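Written out below as structure tokens is the structure these notes cover.
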Amino acid sequence: QQQVKQSPQSLIVQKGGISIINCAYENTAFDYFPWYQQFPGKGPALLIAIRPDVSEKKEGRFTISFNKSAKQFSLHIMDSQPGDSATYFCAASTGGYQKVTFGIGTKLQVIP
Amino acid sequence: GAVVSQHPSWVICKSGTSVKIECRSLDFQATTMFWYRQFPKQSLMLMATSNEGSKATYEQGVEKDKFLINHASLTLSTLTVTSAHPEDSSFYICSASGTSGTLSSYEQYFGPGTRLTVT
């Protein structure tokens, strides 16, 4: 059972464009939604995260939009750069010290 | 802050031997550590959760006698792959959660991963 569904699996965006990755979850007990960025051969790095009491969180060029009623959340990368080319994972957990459930991942390629 | 290291970064071993991978939280106390494996171009699969001083909790389908996890201190967890076989070849990644300064217990910080190849 895939508890966090992520799409698309791959995405090609031109430099300067907006990259959008979508996720949906089923478990209403989830209350923490992080996004991770992973480069080949490296561990994931926490990019940005949101709790369900807010609908949007922005950090630099990265924005999470959260729709609690629809059980969906998305990552927007503004002004995408070639250095953003990586695999992005959405995830969800039920609280502190709890395991994180990952989406399938989106391989983003930003072309010059 | 919130740096997690793993050692070794890569290891090659012969089939039938055991391999130990270390995961350390360098600048915070990790109350809980997690071990994942990741196959090429796939997502992370949680293997087990460990709390300092307690036995690890394994996910369904993960052989606890094959993947031995020890979380003896608040900064160190080890994963030992016993009697390794080629199908155990994978990328193993640990993560840690703790509270220290501005760190939240909700956040997990990942190590750089260990590439295991069993020949």
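Chains A and B, in that order, give the protein sequences. The opening position of the first sequence corresponds to residue 598 in our numbering, with each subsequent residue numbered one higher. The opening position of the second sequence corresponds to residue 1330 in our numbering, with each subsequent residue numbered one higher. Even for Gly, the Cβ is constructed at its ideal location relative to N, Cα and C. Source: prediction; values computed, not measured.
For residue j and residue i, believed in contact at Cβ under 8 Å, the rounded distance
i: ALA1377/B; j: PHE1396/B; result: 7 Å
i: CYS1352/B; j: SER1406/B; result: 5 Å
i: LEU705/A; j: SER682/A; result: 6 Å
i: VAL1332/B; j: LEU1355/B; result: 4 Å
i: PRO1441/B; j: LYS639/A; result: 6 Å
i: VAL1447/B; j: SER1344/B; result: 6 Å
i: PHE686/A; j: PHE699/A; result: 5 Å
i: TYR694/A; j: SER1426/B; result: 5 Å
i: HIS1400/B; j: ALA1385/B; result: 7 Å
Beta bridge counterpart(s) of residue i as assigned by DSSP
i: GLY1427/B; result: ALA1359/B
i: VAL1332/B; result: Bridge partners of VAL1332/B: none, in fact.
i: VAL1391/B; result: According to DSSP, VAL1391/B bridges with nothing at all.
i: GLN606/A; result: Answer by DSSP bridge pairing: none, since GLN606/A is not bridged.
i: VAL1410/B; result: VAL1348/B and PHE1396/B
i: ALA642/A; result: GLN634/A
i: TYR1435/B; result: Answer is none; TYR1435/B lacks a bridge partner.
i: SER1419/B; result: LEU1445/B
i: GLN611/A; result: ILE708/A
Below-9 Å beta-carbon distance, residue i vs any chain B residue
i: SER690/A; result: yes
i: VAL697/A; result: yes
i: ILE701/A; result: yes
i: LEU608/A; result: no
i: GLY657/A; result: no
i: ALA667/A; result: no
i: ASP605/A; result: In the sequence as presented, Asp is not what sits at residue 605/A; that position holds Pro. It does not; no Cβ of chain B falls within 9 Å.
i: TYR622/A; result: no
i: ALA626/A; result: no
i: LEU643/A; result: yes
i: PHE686/A; result: yes
i: PRO631/A; result: yes
i: ALA646/A; result: yes
i: LYS710/A; result: Because chain A is modelled from 598 through 709, residue 710/A falls outside the range shown and cannot be assessed.
i: GLY613/A; result: no
i: LYS704/A; result: yes
N-terminal and C-terminal residue of the beta strand (DSSP E) that residue i is part of
i: CYS1376/B; result: The question names Cys, yet the displayed sequence has Met at residue 1376/B. Note, MET1376/B: beta strand (DSSP E), 1373-1380.
i: ARG1444/B; result: 1443-1447
i: ASN619/A; result: 616-622
i: LEU705/A; result: 703-708
i: ARG1353/B; result: 1348-1354
i: VAL697/A; result: Taken as a continuous stretch (DSSP letters only), VAL697/A belongs to no beta strand (DSSP E), as it is neither H nor E.
i: TYR633/A; result: 630-635
i: GLN669/A; result: 669-674
i: GLU656/A; result: 653-656
i: TYR685/A; result: 683-689
i: PHE659/A; result: 659-664
Check: residue i C-beta below 8 Å from any heavy atom of the ligand PLP
i: GLN1389/B; result: In the structure shown, the ligand PLP is absent, as is every other ligand, since no ligand is present at all.
C-beta atoms of residue i and residue j nearer than 9 Å
i: PHE1368/B; j: MET1374/B; result: yes
i: ILE618/A; j: GLN603/A; result: yes
i: GLN606/A; j: PRO709/A; result: no
i: TYR629/A; j: GLY692/A; result: yes
i: ARG658/A; j: ILE647/A; result: no
i: GLU1388/B; j: THR1360/B; result: no
i: ILE615/A; j: ASP676/A; result: yes
i: TRP1364/B; j: ARG1444/B; result: no
i: LYS1370/B; j: LEU1408/B; result: no
C-beta neighbour in chain A for residue i, strict 9 Å
i: PHE1368/B; result: no
i: ILE1398/B; result: no
i: ARG1444/B; result: yes
i: GLY1440/B; result: yes
i: PHE1357/B; result: no
i: GLU1436/B; result: yes
i: THR1404/B; result: no
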